[in-house]
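Report on one structure; see the data block that follows.
Residue numbers (my numbering), protein chains in the order written: chain S, 5 to 223; chain F, 5 to 223.
Structural data, given as structure tokens:
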């Protein structure tokens, strides 16, 4: 029983810091998106495409979470947007306490949209608040259409499911209707956005949703 | 400091149970392989292909680890091999204590090769012993060639790297030489086996390695 109590306290402490992070973001009218996915599903590619598509429309900042290395932050920095790398030192997810100093480093006053790329993982980051306003999972078609069934915690915890790599559909055994059916059963409110970061297909719906998010008075 | 001590004790307790699991496997001359990968990289597909290719050569058993569902165990059961599903209840990896009762359920006396499919995750399962004799990671070409750089803990912890989905290489920006270079830098002893579970290409080298493992007197 003692162990359970400790875990609850850790989660509670995280939630308190996450709430402080969100208050900080609200003060500067910055909308934060927590981007989650398996390794290699296309988090950095989507982020790069988003920066490119929204140039002149929204001012973007980024936080890159990884177990090691800063290769993603270096890539994002080439676009000119402010970016902070967080290395978790082997940890399988970001938490609110890791995000806090990154928020303090970033010029939030000048940022409309903060994209937080979590560690590549479909288990650990699900449901752990960072201070974000919305949660997004990127599913990738080569991973197969059964992932919502096998990682329900993640697919339950998100507002939007981006289905990336639709350019590979002709070469894969991926049933989009079956995938959408699983999401509808688990999380019927979730928006599903099929895209290809390689060809650009479908990205308009994604960026329009982000613009809509950033135009709400609550944000 | 107290927290660090607790974590060390947990790992130590796991290692003790893992050693007992390995002793049990050694008694029955069963070689155990810990199969790790991102979600959707092809763990179950490789397992199904392996059972098919080794029918009449090795007697196989399987343990399927998932956060939820038993869809993988149901698939594997169609091949006729004995299989046990372990649901971690949201946990991001198997541990030695979860594997123990599965070993007790399986007819180990009749099993030459036990394939343990870990939870889909490139972070948590790395380096946590289950009782296995060898560790394998399956990397998937659509994930990109930079994964060893971003998940070094996993690529350091394995004996063999299977590179799956090579049938998709013509449609991807995946540089096999760059990938192999990263592995050579991190873990020069690791064997690299490019395969396609879709077409069967490259699987002979994989099954030959498994046959060789099972023919060693130590196993």
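C-beta atoms are modelled at their ideal positions from N, C-alpha and C, and glycine is treated no differently.
The structure displayed is predicted, hence computed values, not measured ones.
Measure how close the beta-carbons of residue i and residue j come, nearest whole angstrom, since I'm counting them as under 8 Å.
{"i": "residue 169 of chain S", "j": "residue 200 of chain S", "result": "6 Å"}
{"i": "residue 164 of chain F", "j": "residue 213 of chain F", "result": "7 Å"}
{"i": "residue 155 of chain F", "j": "residue 127 of chain F", "result": "7 Å"}
{"i": "residue 73 of chain S", "j": "residue 153 of chain F", "result": "5 Å"}
{"i": "residue 171 of chain S", "j": "residue 202 of chain S", "result": "5 Å"}
{"i": "residue 58 of chain S", "j": "residue 119 of chain S", "result": "Not a contact, Cβ separation roughly 10 Å."}
{"i": "residue 28 of chain S", "j": "residue 107 of chain S", "result": "6 Å"}
{"i": "residue 204 of chain S", "j": "residue 198 of chain S", "result": "In fact, because the Cβ distance is near 13 Å, the residues do not count as touching under 8 Å."}
{"i": "residue 62 of chain S", "j": "residue 117 of chain S", "result": "5 Å"}
Answer with buried or exposed for residue i, where buried requires no fewer than 16 other C-beta atoms within 10 angstroms of its C-beta.
{"i": "residue 44 of chain S", "result": "buried"}
{"i": "residue 124 of chain F", "result": "buried"}
{"i": "residue 71 of chain S", "result": "buried"}
{"i": "residue 97 of chain S", "result": "buried"}
{"i": "residue 177 of chain F", "result": "exposed"}
{"i": "residue 89 of chain S", "result": "buried"}
{"i": "residue 192 of chain S", "result": "exposed"}
{"i": "residue 174 of chain S", "result": "exposed"}
{"i": "residue 20 of chain F", "result": "exposed"}
{"i": "residue 26 of chain F", "result": "buried"}
{"i": "residue 16 of chain S", "result": "exposed"}
{"i": "residue 22 of chain F", "result": "buried"}
{"i": "residue 85 of chain F", "result": "buried"}
{"i": "residue 100 of chain F", "result": "buried"}
{"i": "residue 209 of chain F", "result": "exposed"}
{"i": "residue 7 of chain F", "result": "In this prediction, residue 7 of chain F scores a pLDDT of 46, lower than 50, which makes its location untrustworthy; the coordinate-derived value is nonetheless stated afterwards. It counts as exposed."}
{"i": "residue 1 of chain F", "result": "Limits of chain F in this structure are 5 at one end and 223 at the other, which puts residue 1 of chain F out of reach."}
{"i": "residue 185 of chain S", "result": "exposed"}
{"i": "residue 76 of chain F", "result": "buried"}
{"i": "residue 194 of chain S", "result": "buried"}
{"i": "residue 55 of chain F", "result": "buried"}
{"i": "residue 2 of chain F", "result": "Lying outside 5 to 223, the shown extent of chain F, residue 2 of chain F is not represented and no answer is given."}
{"i": "residue 5 of chain F", "result": "Per-residue confidence for residue 5 of chain F stands at a pLDDT of 41, beneath the threshold of 50, marking its modelled position as unreliable; the derived number appears in the next sentence. Flag for residue 5 of chain F reads exposed."}
{"i": "residue 47 of chain S", "result": "buried"}
{"i": "residue 109 of chain F", "result": "exposed"}
{"i": "residue 121 of chain S", "result": "buried"}
{"i": "residue 14 of chain F", "result": "exposed"}
Contact set between the stretch 67-79 of chain F and chain S, restricted to residues whose Cβ is under 7 Å from the partner: 70, 71, 72, 73, 75
The stretch 105-116 of chain F / the stretch 25-35 of chain F touching (three or more Cβ pairs under 8 Å): yes
Contact the stretch 77-87 of chain S vs the stretch 44-56 of chain S: 3+ CB pairs below 8 Å: yes
Selection of the stretch 137-149 of chain F by Cβ proximity to chain S, strictly under 9 Å: 143, 144, 145, 146, 147, 148
Near-chain F residues of the stretch 119-135 of chain S - C-beta to any C-beta below 9 Å: 123, 124, 125, 126, 127, 128, 130
Cβ contact check for the stretch 156-163 of chain S and the stretch 131-141 of chain F: 3 or more pairs under 8 Å: no
Uninterrupted alpha helix (DSSP H) stretches inside the stretch 84-171 of chain S (no shorter than 4 residues): 100-109, 151-154, 156-160
Near-chain F residues of the stretch 86-103 of chain S - C-beta to any C-beta below 8 Å: 94, 95, 96
Validate contact between the stretch 60-70 of chain F and the stretch 139-153 of chain F using beta carbons, cut 8 Å, 3 pairs: no
Contact list for the stretch 155-167 of chain F against chain S, Cβ threshold 7 Å: 155, 156, 157
Contact residues within the stretch 33-59 of chain S, judged by C-beta distance below 7 Å to chain F: 42, 43, 44
Completely contained alpha helix (DSSP H) runs for the stretch 173-206 of chain F, where each covers 4 or more residues: 180-190
Near-chain S residues of the stretch 176-197 of chain F - C-beta to any C-beta below 7 Å: none
Members of the stretch 104-115 of chain S near chain F, C-beta cut-off 9 Å: none
Members of the stretch 13-27 of chain F near chain S, C-beta cut-off 7 Å: none
Ordered list of beta strand (DSSP E) runs contained in the stretch 20-79 of chain S, each at least 3 residues: 35-41, 64-70
Contact set between the stretch 197-209 of chain F and chain S, restricted to residues whose Cβ is under 9 Å from the partner: 202
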